[in-house]
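Notes to accompany the following structure.
2 protein chains.
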Amino acid sequence: MTAATLTIDLDAIAANWRALDAKTACETAAVVKANGYGCGADRVARRLAREGARRFFVAVAEEGAALRQALGPGPEINVFSGHMPGDTDMIGDLGLVPMINSLDQMLRHLEALPGHPFGIQLDTGMNRLGMEPAEWSALREVATQQNLTLVMSHLACADEPDHAMNAQQLKVFRQMTDGLRAPRSLSATGGILLGPDYHFDVTRPGVGLYGGRPFDDAMPVAHVQVPVIQVRDVEAGETVGYGNTWTAQAPARIATIAAGYADGIIRAMGPDAYVWVGETPCKVVGRISMDLIGVDVTGVSPEPQAVELLGHHNGVDTLADAAGTIGYEILTSLGARYRRRYHSA
Amino acid sequence: MTAATLTIDLDAIAANWRALDAKTACETAAVVKANGYGCGADRVARRLAREGARRFFVAVAEEGAALRQALGPGPEINVFSGHMPGDTDMIGDLGLVPMINSLDQMLRHLEALPGHPFGIQLDTGMNRLGMEPAEWSALREVATQQNLTLVMSHLACADEPDHAMNAQQLKVFRQMTDGLRAPRSLSATGGILLGPDYHFDVTRPGVGLYGGRPFDDAMPVAHVQVPVIQVRDVEAGETVGYGNTWTAQAPARIATIAAGYADGIIRAMGPDAYVWVGETPCKVVGRISMDLIGVDVTGVSPEPQAVELLGHHNGVDTLADAAGTIGYEILTSLGARYRRRYHSA
Chain U
2 MTAATLTIDL
12 DAIAANWRAL
22 DAKTACETAA
32 VVKANGYGCG
42 ADRVARRLAR
52 EGARRFFVAV
62 AEEGAALRQA
72 LGPGPEINVF
82 SGHMPGDTDM
92 IGDLGLVPMI
102 NSLDQMLRHL
112 EALPGHPFGI
122 QLDTGMNRLG
132 MEPAEWSALR
142 EVATQQNLTL
152 VMSHLACADE
162 PDHAMNAQQL
172 KVFRQMTDGL
182 RAPRSLSATG
192 GILLGPDYHF
202 DVTRPGVGLY
212 GGRPFDDAMP
222 VAHVQVPVIQ
232 VRDVEAGETV
242 GYGNTWTAQA
252 PARIATIAAG
262 YADGIIRAMG
272 PDAYVWVGET
282 PCKVVGRISM
292 DLIGVDVTGV
302 SPEPQAVELL
312 GHHNGVDTLA
322 DAAGTIGYEI
332 LTSLGARYRR
342 RYHSA
Chain Y
2 MTAATLTIDL
12 DAIAANWRAL
22 DAKTACETAA
32 VVKANGYGCG
42 ADRVARRLAR
52 EGARRFFVAV
62 AEEGAALRQA
72 LGPGPEINVF
82 SGHMPGDTDM
92 IGDLGLVPMI
102 NSLDQMLRHL
112 EALPGHPFGI
122 QLDTGMNRLG
132 MEPAEWSALR
142 EVATQQNLTL
152 VMSHLACADE
162 PDHAMNAQQL
172 KVFRQMTDGL
182 RAPRSLSATG
192 GILLGPDYHF
202 DVTRPGVGLY
212 GGRPFDDAMP
222 VAHVQVPVIQ
232 VRDVEAGETV
242 GYGNTWTAQA
252 PARIATIAAG
262 YADGIIRAMG
272 PDAYVWVGET
282 PCKVVGRISM
292 DLIGVDVTGV
302 SPEPQAVELL
312 GHHNGVDTLA
322 DAAGTIGYEI
332 LTSLGARYRR
342 RYHSA
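Protein sequences appear in the order of chains U and Y. Per the working numbering, the very first residue in the first sequence carries number 2; after that it's consecutive. Per the working numbering, the very first residue in the second sequence carries number 2; after that it's consecutive.
Okay, structure coming up:
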């Protein structure tokens, strides 16, 4: 039993969803793309459906097809990438709702699946997905006469509340959507925290559900325990790991633990990361290997059998900071080698 | 059909194995830990068994159990982490061979599975896994009277041929193993390239099989094609992506492609990475999102339907350099969302 254990706390995800739902007066959906931010889209979505979520978002139709398997008929499954070539059967047969991003997609959808519901994604300045204002002007009349179930856009800087881009995108979104009868959605987690002006009819929290910034009150969701394979004494001057990047300055006791960058422990985080033994932080030493990490456990007694890599002491954002990235990437990188456990009271 | 396609070239893996095998006069095993460096341990190992590989290495017993399913009885499956608590049934029932790292593991193995084969992993200075010289001196007599099938160590700096650590570890390995009857193994890909002194009886190539440095003659193995979701014109001064980190200096045409860091396109690589449309390199613009990347396709005609992210133009090391990491991490991060294809003539 050497593989590390990843425990996903479904109760925490449910609590985070309820807490974000309580911040608005509108409907709260849930984003479960990228396999539920690495946490397991099927388990997460089924749990949130029980909490009352009725609308889910995925990145591509293939994810939507798998999610329909897990959820059964009923909940609405929205696809951010819209209606792409080859998607028609999945969208039609499984009742997915594409968020149409362009004239091309609109024509494809109306021709292949007339009467089938769809949303519209608008670009309000991020220049990533969605129709530009001119394109939307030309299509708005047609779209609103069809089975339009949502009009949405996405904020580029919502994790920076004071960024001028937020108000700018809000203004453009209003200009593009005021007067429509279809429900509107602008905000993911960051937008929810910007306040009621940003909420409209549907919010779409993602990272906040999974315990990441900018929702600082989120309960931690992902917990990783890693077995210790071996503990050894090193003398001052001895090196540890690839490239001899760490040299003991004094006699030390080094544990080698059974996880590495193949488990999503991003290699860049080496020099600044800690793991925990009970209440004791233990510094990562040397380079993170594919399957192994060295940890300084000098003075830790009794000798640890396992360490906490992710959990109450080390949140996803703590690890992200050590790796120079964001909590989202920690979550989606967690990988397939873990023994996965789901916690639900 | 919006999910990106990851094609693993099994013929290339086989060719890389043969090329590395041809560099030595000894047995060539294959390292398929971390799901075959992300390429699929079952498919890779079955192909290499057909090429003549008779010995495979994995990181943990759980990987060994899955590999035994794929390979059937016959090939030897060696487990780097040795014999850990809870591993006995897997090791015994599935005929895995643990590389024993410590006195504790040795006692566990001999008590639980007397007569069952095992290897010994020695620490020659990397201070990661394996017995120290003093521990080995005390156990050597006992070990050699049992079913000892391999004695191995691992080089910390083999990708730097001129590093003094290589000769130092070689010297220590000889001191610890000269006179033994059991076969010896010191080298992975890097060590094979250091020359015959480092080869001993068994080599254990890993990254070289999968097309990564330091085996510069390796054939590329992983090919990623990503669909374009949408193409748009932006004016000078417009921004693309999260945080407005990229601003168009002139009118440009931007494609949004359907992959992101959830697919292992490491977020850090954003500003320095290119994708390819035919023979044309196209710069990544703005931050890499979870499921989406912006690409500058100004002047590319006809408008691309898909781009090459990994393949003949972009090797794993090219992407790794852009992300400030190593090709190994690109491979093991590739993730589960791809449509996976295996190429074999």
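A virtual CB, placed ideally from N, CA and C, is assigned to each residue, including glycine. The structure presented is a predicted model; accordingly, all values stated were derived computationally and were not measured.
Can you tell me whether residue i is helix, strand or coil according to DSSP?
{"i": "ILE267 of chain U", "result": "coil"}
{"i": "LEU187 of chain Y", "result": "coil"}
{"i": "ASP298 of chain U", "result": "The residue you asked about is not Asp; residue 298 of chain U is Val in the sequence shown. Reduced to three states, the DSSP call for VAL298 of chain U is coil."}
{"i": "GLU64 of chain Y", "result": "helix"}
{"i": "ILE255 of chain U", "result": "strand"}
{"i": "LEU7 of chain Y", "result": "strand"}
{"i": "TYR339 of chain Y", "result": "coil"}
{"i": "HIS344 of chain Y", "result": "strand"}
{"i": "VAL222 of chain Y", "result": "coil"}
{"i": "THR248 of chain Y", "result": "strand"}
{"i": "ARG214 of chain Y", "result": "coil"}
{"i": "ALA23 of chain Y", "result": "coil"}
{"i": "GLY116 of chain U", "result": "coil"}
{"i": "ARG288 of chain Y", "result": "coil"}
{"i": "ASP322 of chain U", "result": "helix"}
{"i": "LEU195 of chain U", "result": "coil"}
{"i": "GLU330 of chain U", "result": "helix"}
Looking only at DSSP bridge pairs, what is residue i linked to?
{"i": "LEU97 of chain Y", "result": "Y:ILE78"}
{"i": "TRP277 of chain Y", "result": "Y:PRO282 and Y:GLU309"}
{"i": "MET153 of chain U", "result": "U:GLN122 and U:SER186"}
{"i": "GLU236 of chain Y", "result": "The partner list for GLU236 of chain Y (beta bridge, DSSP) is empty, contrary to what the question assumes."}
{"i": "VAL143 of chain Y", "result": "DSSP lists no partner for VAL143 of chain Y."}
{"i": "VAL227 of chain Y", "result": "Y:VAL308"}
{"i": "MET177 of chain U", "result": "According to DSSP, which records beta bridges pairwise, MET177 of chain U is partnered with nothing at all."}
{"i": "PHE57 of chain Y", "result": "Y:ALA31 and Y:ILE78"}
{"i": "MET127 of chain Y", "result": "BP columns for MET127 of chain Y are empty, so no partner."}
{"i": "VAL45 of chain U", "result": "Answer is none; VAL45 of chain U lacks a bridge partner."}
{"i": "VAL208 of chain U", "result": "Beta-bridge pairing links VAL208 of chain U to no other residue."}
{"i": "MET132 of chain Y", "result": "Y:LEU123"}
{"i": "VAL203 of chain Y", "result": "Y:GLU28"}
{"i": "VAL241 of chain U", "result": "U:TRP247"}
Leaving aside the five residues before and after residue i along the sequence, list all residues of the same chain whose C-beta is less than 8 Å from its C-beta, in chain order.
{"i": "LEU104 of chain Y", "result": "MET132, GLU136, ALA139 and LEU140"}
{"i": "GLU239 of chain Y", "result": "THR248 and ALA249"}
{"i": "ARG185 of chain Y", "result": "LEU151, VAL152, MET153, PHE174, THR178, PHE201, ASP202 and VAL203"}
{"i": "THR145 of chain U", "result": "LEU181, ARG182 and ALA183"}
{"i": "VAL301 of chain U", "result": "ARG254, VAL278, THR281 and CYS283"}
{"i": "TYR243 of chain U", "result": "GLY287, ARG288 and SER290"}
{"i": "SER188 of chain Y", "result": "LEU156, ALA159, LEU195, TYR199, HIS200, PHE201, THR204 and ARG205"}
Contact defined as beta carbons within less than 8 Å: I believe residue i pairs with residue j. What is the distance between those atoms, to the nearest angstrom?
{"i": "VAL59 of chain Y", "j": "VAL80 of chain Y", "result": "6 Å"}
{"i": "GLY191 of chain Y", "j": "ASP160 of chain Y", "result": "5 Å"}
{"i": "PHE216 of chain U", "j": "LEU21 of chain U", "result": "7 Å"}
{"i": "LEU130 of chain U", "j": "THR299 of chain Y", "result": "Incorrect: roughly 19 Å between the Cβ atoms, too far for contact."}
{"i": "THR333 of chain Y", "j": "ILE267 of chain Y", "result": "Rounded, the Cβ-Cβ distance is 11 Å, inconsistent with contact."}
{"i": "ALA1 of chain Y", "j": "THR89 of chain Y", "result": "Past the edges of chain Y, shown from 2 to 346, lies residue 1 of chain Y, and the structure says nothing about it."}
{"i": "ARG340 of chain U", "j": "THR6 of chain U", "result": "5 Å"}
What residues in its chain sit with their C-beta under 7 Å from that of residue i, if we drop five residues either side in the sequence?
{"i": "CYS27 of chain Y", "result": "HIS200, PHE201, ASP202, VAL203 and THR204"}
{"i": "THR246 of chain U", "result": "GLY287 and ARG288"}
Residues in its own chain within less than 6 Å of residue i by CB, not counting five upstream and five downstream?
{"i": "MET2 of chain Y", "result": "none"}
{"i": "PRO272 of chain U", "result": "none"}
{"i": "PRO118 of chain U", "result": "VAL98, ASN148 and THR150"}
{"i": "ASN36 of chain Y", "result": "ALA42"}
{"i": "LEU310 of chain Y", "result": "VAL225, VAL227 and VAL276"}
{"i": "ALA321 of chain Y", "result": "ILE327, GLY328 and ILE331"}
{"i": "ARG109 of chain U", "result": "HIS84"}
{"i": "GLY39 of chain Y", "result": "LEU332, THR333 and LEU335"}
With a threshold of 8 Å between beta carbons, is residue i in contact with chain B?
{"i": "THR204 of chain U", "result": "Given the protein chain composition of this structure (U and Y), no chain B is represented."}
Handout entry: Interface residues of the stretch 314-346 of chain U facing chain Y [CB-CB below 8 Å]
Key = GLY325, THR326, ILE327, TYR329, GLU330, THR333, SER334, GLY336, ALA337, ARG338 and ARG340
Handout entry: Residues of the stretch 223-236 of chain Y with Cβ closer than 9 Å to any Cβ of chain U, in chain order
Key = PRO228, ILE230, GLN231, VAL232, ARG233, ASP234 and VAL235
Exercise for the section: Mind checking the stretch 8-27 of chain U against chain Y and listing, in chain order, the residues whose C-beta falls within less than 7 Å of any C-beta there? Expected result: none
Exercise for the section: Identify each residue in the stretch 236-258 of chain U for which the Cβ-Cβ distance to at least one residue of chain Y is less than 8 Å, and report them in chain order. Expected result: GLU239, THR240, VAL241, GLY242, TYR243, GLY244, ASN245, ILE255 and THR257
Problem - Interfacial residues, the stretch 30-49 of chain U to chain Y, with Cβ spacing under 7 Å - result: LYS34, ALA35 and ASN36
Practice task
Check distances from the C-beta atoms of the stretch 154-185 of chain U to those of chain Y and list, in chain order, the residues that come in under 7 Å.
Solution key: ALA157, CYS158 and MET166
Problem - chain U contacts made by the stretch 290-304 of chain Y, where a contact means CB separation under 8 Å - result: SER290, MET291, ASP292, LEU293 and GLY295
Problem - Against chain U: residues of the stretch 45-76 of chain Y by CB proximity under 8 Å - result: ALA60, VAL61, ALA62, GLU63 and GLU64
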